[in-house]
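Mind the numbering: the sequence shown is residues 8 to 426 in the numbering used here, read in order.
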Amino acid sequence: MTVAARRPGSGDAPRDTAWWAASPPRTMGARTTNEEVRQQNLSTVLRLVHVEGPQSRSHIGTATGLNRSTVTALVGELLELGLVRETEQAPTGRVGRPSLGVAADDAVVSLSIRAEPDAVTVALVGLGGTVHSRLRHDLASAPNPRRFVQIASSLVDGMRADIERHYRLVGAGLAIPGLVDESGTVLVAPPLGWKREAIAPRLEHALGIPVTAGNDASVGAMAEARFGVGRGTDNLLYLGGSAYGIGGGLIFDGTLLRGTSGFAGELGHTVVVPGGTRCGCGRRGCLGVEVHPGRLLELLGRRRLDEDELDIELGVARDPAVRAELERQVELLSLALTNFVNAFAPDTVVLSGYLGVLLATSREQLSHAIRVDPVGAEGRQIRLERAYMRSHLMQFAPAELAFGPLLADPAGLAPRAGR
Ligand SMILES: [Zn+2]
C-alpha cells in the first residue's frame, strides 16, 4: 500500500472562474426558500475548500461574496457535519495574529476505482484530494465484469479495517475506458471487451456503497478542470493516451460536453490514416491506434514502460528508427489537434498519459499545430499543457464522481457513526 503526498497546488489562491464558482452563492429570491439558499451556500463553501485547499474565513467571504456572519454560520454547520476541520493557521501570508483556517476534512473519503485491461486499482481518497492509500492488482489479460467486481471487492476488503477505524466512506467512483450511460451501464468498452454491462449496480451490490461510474477521459477532463492545469479556464479539450487507445473530454462553459447521445469526446476514433491499422471500433487508421506507445516500445525493445520511464527513454533515444516513428506519430497528433482546435475552439488543450510524453518530446511542433494552423487561431491564445498530475491524476480523479452528491448537498450526508 502506498501513501501519496497531498495534491500539490491545492492551497493556491482561487482564479477568476474557478469550478466551484460555477454555481454562485444565492441570495433570497422570490422562488427560493431559506432551506435551498442554505444548501446552496453550504455547497459553495465546501466546494471552495475541497478544490482550493485551506482558507481563512475572511478569504471564504471574499471568494464567495457572502458576508462575515453568514460565512461563520456556514463554517460552523460544516464543522458540525464533520465535513471541514480547523487548521492551525490560515494561509494568509500576512504578519500578525494567526487566525484559524478552514480545510476540507480528509477523513471523509471515497473510493477511486479504475478498470483497465492490465490492472484494477483502488485508492482511498479524502475530501480535498488527499490519496490516503492505494492498492493495485495487475492482470495478464482484461478482466470480464464478474472477475473485475471480484478483484475490486477484494481490494476494498483489504482496506475495510482501516476505513472503519479512521474514515467516513461516502461512496465509490469508477472510471471505465469506454462509453458509460447515466445509470452506470457500460454500453461498450473495447479495451475491456465489455458490452452492455450494468457495472455500477453490480459493484454497488458487491461493495454495499453507492457507486458512480464514468468514462475515464471525461473523469480526467473534469479533474484537470477542477484541480489541474485547466483551473481558471472555461473551454478545455482533454486528450488522454494509453496502451489501449486515446480518449477525449470536452468542457465548455465549465460543463462536460456530453453530446446528444451523451458520448461526445470520442476523439480517439477520428480517422487520421485512411486504410491504416485496424482499430477495435471496426475502422482503420483511428488516431488511437496510429498514435500509440506499442510501436515505440517494440523499437525500444521494451515490453512495458510507465509514463515517467517513457519520458526518460524517449528523451535519450538516438536510434533513427525510434526517431522516425516518434516523428510520424507527432505529425499525426499535430494533424488531429489542428482539426480539433478548428472544430471546438478551446482556450486550453491538455494532453495526458502517453500524449503528455509526446508533448514533452515535441512541444514546439505540437504548439505550432494549435497556434498557427487552425483557421482564425492567429493572435488567439490557446494554452497547450501537459496534464498537471501526470499519471497521478487518475489516482484520485474517479473519487470526484462519488463526492459529487456530497458537494451538492453537504447536509444530506448521513450522520457520523462515532468514528
Ligand atoms: Zn477506432
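Backbone N, C-alpha and C fix where the C-beta goes; we use that ideal spot for every residue, glycine too.
If you check the CB distance, LEU263 and GLY254 do not come in under 8 Å. Counting other Cβ atoms within 10 Å of its Cβ, VAL91 reaches 16 or more and is therefore classed as buried.
Only residues of its own chain outside the window of five on either side were considered, and among them THR192 have a CB closer than 6 Å to the CB of ALA205, listed in chain order.
The DSSP-derived three-state label of THR137 is coil.
When the beta-carbon positions are compared, ALA182 and PRO405 come within less than 8 Å of each other. Taking the Cβ of HIS57 as the reference point, every heavy atom of ligand 1 lies at 7 Å or farther away. When the beta-carbon positions are compared, THR137 and GLY411 stay at least 8 Å from each other. GLU371: not part of any beta strand (DSSP E); member of the alpha helix (DSSP H) spanning 370 to 378, first to last residue.
Taking the Cα positions, VAL329 is about 31 Å away from LEU243. Shown here for ARG285: same chain residues with a beta carbon closer than 7 Å to its own, the five before and five after excluded, namely ARG291 in chain order. Per DSSP, ASN48 lies in no beta strand (DSSP E) segment; the continuous alpha helix (DSSP H) that holds it begins and ends at 41 to 59.
In the structure shown, the three-state DSSP call for THR77 is helix. For LEU86, the closest C-alpha among the options LEU400, VAL109 and THR77 is that of VAL109. Collapsing the DSSP output to three states places ARG311 in coil. One alpha carbon belongs to ILE67, the other to LEU55, and they sit about 8 Å apart. Residue pairing of PHE351 in beta bridges, as defined by DSSP: absent, with no partner found. The shortest CA-to-CA distance from PRO281 to any of VAL163, LEU294, LEU274 and GLY287 is the one to LEU294. Nearest to GLY185 by C-alpha distance, out of ALA130, ALA122 and ARG45, is ALA122.
DSSP places ALA196 in the uninterrupted beta strand (DSSP E) bounded by 193 to 196. Here the stretch 60 to 78 makes no contact with the stretch 149 to 166; the two share fewer than three CB pairs at distances below 8 Å.
Secondary-structure assignment with DSSP links ALA126 through a beta bridge to GLU123 and ASP145. CA-CA distance, SER190 to ALA207, rounds to 8 Å.
Following the DSSP letters along the chain, one finds ARG233 inside the alpha helix (DSSP H) bounded by residues 223 to 234.
The beta-carbon distance between LEU131 and SER140, rounded to whole angstroms, is 5 Å. This is short enough to meet the 8 Å contact definition.
In this structure, HIS276 has its beta carbon less than 7 Å from a heavy atom of ligand 1. With 16 or more other CB atoms across the displayed protein chains lying within 10 angstroms of its CB, GLN402 is buried. Restricting attention to ALA80, LEU199, ALA159 and ILE216, the CA atom closest to the CA of SER117 is found in ILE216.
Residue nearest to LEU391 within the set TYR251, LEU333 and SER374 is SER374 (criterion: CA-CA distance).
Contact between the stretch 169 to 183 and the stretch 218 to 232 is present: 3 or more CB-CB pairs across the two stretches fall below 8 Å.
DSSP lists ILE253 and GLY360 as the bridge partner or partners of GLY248. For GLY411, no beta strand (DSSP E) segment is defined; the enclosing uninterrupted segment is the alpha helix (DSSP H) at 406 to 415. Comparing C-alpha distances from ALA80 to each of ARG311, GLU95, VAL52 and THR94 shows the shortest one belongs to VAL52.
When secondary structure is reduced to three states using DSSP, LEU420 falls in the coil class, being assigned neither helix nor strand.
Contact between GLY227 and LEU400 holds, since their C-beta atoms are separated by about 6 Å, short of 8 Å. Under the criterion of beta carbons closer than 8 Å, TYR251 and PRO198 qualify as touching, at roughly 4 Å. Scanning GLY60, SER119 and GLY363 for the CA closest to the CA of TYR395 turns up GLY363.
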